[in-house]
Amino acid sequence: MRSKIVFKLFTLTTLLCVFILTTVFIGQTIFFKQYYANQKINDIQAAMDRYADDYLQNKEDKYAQQKLEQDFYREHNTWITALDQNGNLKNVDDFYVEIQLERTKDEAFADKTIRIPLYYLLNFEDALSDDPPLEPDVPIGIYGIKRGSTVVPYVIGHLGRFVPNPQGTIGALDPYELEQEQENVAYWENKQLKKAAGEYLSKWIGQNSSGQLQETDRSKESSPQSSAELREESKVEQAEPVEPASSPQDIVQLIGTVTAVHLPNRSEGSNAIFTNTLFMDKIKDFQASLLLKPNPTMDQSIQVEDDEQNNIQYKILIKPLSIDGHRSYLIAMTSLQPVDEAVQMVKEYYVYLIVFVMLLVLLASFYYSKKIASPLLKMNQTTKKMANLDFSESVTVKSRDELGTLSENINTLSDTLHKHIKQLQQDIEKEKQLENTRREFISGVSHELKTPLSIMKSTISILQDDVAKHKRGYYFQALEKEVDKMDRLIADMLELAKYESGTYQMQMESFYIDEMIERVCASLTLEASKKQVTIRLALQPFEVIANEHRIEQVITNFLTNAIRHTPEAGVVTISIKDEDNQVKICVENTGEPIIIERLEKIWDRFYRGDTSRERSKGETGLGLAISRNILELHGSKYGVENTETGVLFYFHLRKNE
1 MRSKIVFKLF TLTTLLCVFI LTTVFIGQTI FFKQYYANQK INDIQAAMDR
51 YADDYLQNKE DKYAQQKLEQ DFYREHNTWI TALDQNGNLK NVDDFYVEIQ
101 LERTKDEAFA DKTIRIPLYY LLNFEDALSD DPPLEPDVPI GIYGIKRGST
151 VVPYVIGHLG RFVPNPQGTI GALDPYELEQ EQENVAYWEN KQLKKAAGEY
201 LSKWIGQNSS GQLQETDRSK ESSPQSSAEL REESKVEQAE PVEPASSPQD
251 IVQLIGTVTA VHLPNRSEGS NAIFTNTLFM DKIKDFQASL LLKPNPTMDQ
301 SIQVEDDEQN NIQYKILIKP LSIDGHRSYL IAMTSLQPVD EAVQMVKEYY
351 VYLIVFVMLL VLLASFYYSK KIASPLLKMN QTTKKMANLD FSESVTVKSR
401 DELGTLSENI NTLSDTLHKH IKQLQQDIEK EKQLENTRRE FISGVSHELK
451 TPLSIMKSTI SILQDDVAKH KRGYYFQALE KEVDKMDRLI ADMLELAKYE
501 SGTYQMQMES FYIDEMIERV CASLTLEASK KQVTIRLALQ PFEVIANEHR
551 IEQVITNFLT NAIRHTPEAG VVTISIKDED NQVKICVENT GEPIIIERLE
601 KIWDRFYRGD TSRERSKGET GLGLAISRNI LELHGSKYGV ENTETGVLFY
651 FHLRKNE
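Just so we're aligned, residue 1 is where the sequence shown starts under this note's numbering, counting upward by one.
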């Protein structure tokens, strides 16, 4: 049994620990990354909603908006900024070029000065170089997307570098020439928007049977891409017709002269959005999608997109806003690199952790199994002995947990069973004694009644036969005497049975024991004088608590018994002694002592110390048995002992204080 329970506990504990360890490992290496990403996105979405409320409250304060962006990055390690309806940064006005348009076929832009943001066309580091990319009074050509009265450029360059393409339309710089003179060409572009425009035109051309742009009042305006690029991109698999955000007529060419250039210095732009190249690329992608791709309806909910750069996962979040009736956007980008690094470190760390934990699990499981099994084995041994009625051993488990409580309960059960079984054995023994007493009682009653009945029967026969008529009075007296004896015997038997029934309740009261003893002695003076017995009193006034009538009966029995066993001219002494909260009543008579073997038997019913005593003395043998029961019902200590001059009977009563 020992090996079984230890092995079971060891196996179950080990398997449980291994299961927990495996679950934790799988959760951290597989599910933790997704949980982290979802939790972070939820937090950022909630933060974006709060940011939107703060942004709307500070929509006119550029510096407050920049502080909101910085605080957002510091709290969530996430870049965020606001875009206008064309995808331009809303709170950046220190990185632009102003151009005076000179000739255009679009009357909306004729002789108009426009401001073009440069953060989509120039790298921030290039803008800070010693050789400025743009200077005032330089003629410049622009290709861009027309949106109302504004234009979003995707290519700008010195006007002299633009050449016609083979289609007869105005095109961008010749690709071959760019390759040969890359360092000398003043040419800047928004690659994402340019690529999207090229893909859009390729799809649009493929959807027209002529392969040419449809004739309109702007049919001579063209894409900034070369014919070679258009021919190459026209090979792209044809998509199903969609309704674009722009039409070919919205792709325009503008020519003008630079009138002002504003470039940020390093201290001003070190914390600006356009210093983050990766974030700017995602903003450009969104702008290209916004301007040239199909324009799905965007509700106010936050859209989340996945992106990956250099094996690092990013999340792009876009939230539409409505400001003064115009559509704006909040765009945020956050990196999942920390969790990727953490997961990778966990995988490497678990190699060492698993070895250590497995060793610890084995040791802990073995110790745990032994610790749990030891008290259980002890309990098993103890309960086996209890089953065989051996209650000599107890469970010694000192822990304060459930096992300790169980061991205490087993010990309590053992003690209780032991007590009950012992009590049962005592009851059985007592029942045997009662049965023996019952037999003795019946035998004694039969013997005690047999003699008076025989005497009465013979006396009645003599009276019936008229024998000795002159003695009729004598025989009637003898008959009356035997009837009285039988009456006393039956009364004593009934009283003794009442006391031994266990249902009799003594009614206690207070009285003076010395006064009662004097009354009893006065009533027995005549009987004592017949035997010339002197009764001496050594009394003190004490008030006791007891049943006065029954205690009087006890004293009468003790005193009568003493007078009967005192020789002529003997002395019976009755005394009262003070013992703390009790008094001791003693009845001592002179005469022969009682044999030691008979001292305990004199309290039994029908017991006579002198077997040769004549029944004519009137003894029933029940006086001391009745006295014993009365004293036991009082809870009184009693006894009998031999003295130097005779025999002493005594009992105790409680004083009334």
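Heads up, the beta-carbon is just placed ideally off N, CA and C, and yes, glycines get one too. Since we're looking at a predicted model, the values are computed, not measured.
Legend entry - Where Pro673 falls, given that 16 or more other Cβ within 10 Å makes a residue buried: Residue 673 lies beyond the residue range present for the chain, which begins at 1 and ends at 657; the question has no answer from this structure.
Inset, instruction - Take Ile316 as the anchor and find which of Ala478, Ile331 and Gln582 has the nearest alpha-carbon. - result: Ile331
Inset, instruction - Could you name the residues of the same chain whose beta carbon sits closer than 8 Å to that of Asp427, not counting the 5 residues immediately before and after it, in chain order? - result: none
Legend entry - Spatial neighbours of Gln192 in its chain, beta-carbon cut-off 6 Å, leaving aside the 5 residues before and after: Lys284, Asp285 and Ala288
Inset, instruction - Counting only the same chain and skipping the five closest in sequence on each side, list residues whose C-beta sits under 6 Å from that of Lys146. - result: Asp250 and Val252
Legend entry - Within 8 Å, strictly: CB atoms of Ser374 and Ser394: no
Legend entry - Whether Arg21 touches Val304 by CB criterion (8 Å): The amino acid occupying residue 21 in the given sequence is Leu; Arg does not appear at that position. For Leu21 and Val304, no; Cβs fall outside 8 Å.
Inset, instruction - Report yes or no: do the segment 26–38 and the segment 63–80 share at least 3 C-beta pairs separated by less than 8 Å? - result: no
Inset, instruction - List the endpoints of the continuous alpha helix (DSSP H) containing Gln57. - result: Phe32 to Gln57
Legend entry - The beta strand (DSSP E) enclosing Val138, as first and last residue numbers: No beta strand (DSSP E) contains Val138, which DSSP labels as neither H nor E.
Legend entry - Leu15, buried or exposed, once every other Cβ within 10 Å from all chains shown has been counted against 16: exposed
Inset, instruction - Measure the CB-CB distance between Val572 and Val544 and report whether it falls below 8 Å. - result: no
Inset, instruction - Given a cut-off of 8 Å, decide if Thr78 and Met333 are closer than it, judged by their beta-carbon atoms. - result: yes
Legend entry - Local Cβ density within 10 Å of Lys200, reported as buried at 16 or more and exposed below that: Here residue 200 is Tyr; the residue named in the question, Lys, does not match the sequence. So Tyr200 ends up on the buried side.
Legend entry - Local Cβ density within 10 Å of Gln57, reported as buried at 16 or more and exposed below that: exposed
Inset, instruction - Could you check the C-alpha separation between Glu243 and Asn86 for me, to the nearest Å? - result: Confidence at Glu243 is low in this model, with a pLDDT of 42, below 50, so the placement of that residue is unreliable and no value is reported for it.
Inset, instruction - Kindly list the residues whose CB is nearer than 7 Å to the CB of Gly639, restricted to its own chain and excluding five residues on each side of it in sequence; keep chain order. - result: Tyr650
Inset, instruction - Using three-state DSSP, classify Val483 as helix, strand or coil. - result: helix
Inset, instruction - Assign Leu9 to one of two classes, buried (16 or more other C-beta atoms within 10 Å of its C-beta) or exposed (fewer than that). - result: buried
Inset, instruction - Specify, as a first and last residue, the run of the alpha helix (DSSP H) that Gln540 falls within. - result: That residue, Gln540, is in no alpha helix (DSSP H); it is neither H nor E in DSSP.
Inset, instruction - State the Cα-Cα distance for the pair Arg327 and Pro320, rounded to the nearest angstrom. - result: 7 Å
Legend entry - C-beta atoms of His158 and Ile140 nearer than 8 Å: yes
Legend entry - Closest by C-alpha distance to Gln309, when choosing among Phe279, Leu360 and Ile323: Phe279
Inset, instruction - Check Asp604 in the structure and name its three-state DSSP category. - result: coil
Inset, instruction - Just the C-alpha distance for Ile421 and Asn380, rounded to the nearest angstrom, thanks. - result: 21 Å
Legend entry - Proximity below 8 Å, CB of Val554 to CB of Ser627: yes
Legend entry - Beta-carbon proximity list for Leu653, same chain, < 8 Å, skipping 5 on both sides: Ile513, Val544, Ile545, Ala546, Ile551, Gln582, Val583, Ile585, His634 and Ser636
Inset, instruction - Kindly indicate which three-state DSSP category Thr566 falls into: helix, strand or coil? - result: coil
Inset, instruction - Go through its chain and collect everything with a Cβ distance to Ile455's Cβ below 6 Å, but skip five positions before and after it. - result: Glu482
Inset, instruction - Could you tell me whether the Cβ atoms of Val261 and Val97 are closer together than 8 Å? - result: yes
Legend entry - Which residues DSSP lists as bridging Tyr650, in chain order: Cys586 and Gly639
Inset, instruction - State the DSSP-derived secondary structure class of Glu402, mapped to helix, strand or coil. - result: helix
Legend entry - Closest by C-alpha distance to Phe95, when choosing among Ile114, Ala52, Thr459 and Phe124: Phe124
Legend entry - Endpoints, alpha helix (DSSP H) assigned at Ile251: Premise fails: Ile251 lies in the beta strand (DSSP E), Ile251 to His262, not in any alpha helix (DSSP H).
Legend entry - Length of the line joining the Cα atoms of Leu624 and Glu548: 18 Å
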